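Heads up: the sequence shown begins at 4 in our numbering, then just goes up one per residue.
Just so it is clear, CB atoms sit at the ideal spot from N, CA and C, and this is done for glycine as well.
Predicted, not measured: the structure shown is a model, and the values here were computed from it.
Here is the structure we will look at.
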Amino acid sequence: MRLYGSKVSALAQEIVRELTSSKAIEVDDAHAQREVVADVESVLRNYLETERIVDGKTRDLLQKTGRGASEFGRVRQQIAEHHGIKVGDDALDHLLDQVVAMLMHSSHVDEVFAEDVDLRRQMRPIFRRYMAIDSDIDTEVRAQLKHVREGTPQWDFEYARALESVKRKRGLS
C-alpha cells in the first residue's frame, strides 16, 4: 500500500468530513474545517517528503556499498526508522498515529469526542481505499502483460512501461 501525493487533498477532505459528520471531532465553522483539512494534508505531505528523502538515501547507500536491489526493503526500513517514520506495512498505522496526534493538538479542532482507537477505526477504511490503489494498478498492468513471461528482462521493461502508462492515465504520476 502506498500513499500518492495526487490523492492527499481528497483523502484529507474525506477524513475530516467523516470525523465531523460522525461527531468524533467538533470544528467551529467552514473556515476552521478547511484549516483542519490543511493540517491533515500537511501531515500527509510531510510523510511523503520524508519518504522521498528516505528512498533517495537508500538508493545512494546501496549504490555506494555495491549492494543489490534485493536489500532495498531492509535498508529502507532502517533509514526510515532513523528519520522517525514507518514504511511498508507499518506506514498506515504510522499515518493514523500522526493524524490523531495532529487532531489532538490542532488549534482548529474545538473538541475531540472520540477515543484515539475510535478515531483510527474511522479513518482506517478511508486510508485503505486511497492507499490500495497500488494493488489495483498492479492487477491492471499484469492484465496487459499476459503475453510476456514474468522474471525476464523483457518483463521488467514492459512492466515499467505499462506501470507508468497506467499511473499517468489515473493521474498518479
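Taking C-alpha positions only, Arg79 is separated from Tyr7 by approximately 18 Å. In this chain, the alpha helix (DSSP H) harbouring Val11 covers 11-24.
Taken through DSSP and simplified to helix, strand or coil, Ile28 comes out as strand. Val102 carries a helical assignment under DSSP once its states are collapsed to helix, strand and coil. In this structure, Thr61 keeps its C-beta atom at 8 Å or more from the C-beta atom of Ile88.
For Val115, the secondary structure class from DSSP, reduced to helix, strand or coil, is strand.
Ser109 is classed as buried because its beta carbon has at least 16 other beta carbons within 10 Å across all chains shown.
Contact annotation: Phe130 and Lys26 have beta-carbon atoms that are not nearer than 8 Å. For Ser168, the enclosing alpha helix (DSSP H) has its first and last residue at 156-172.
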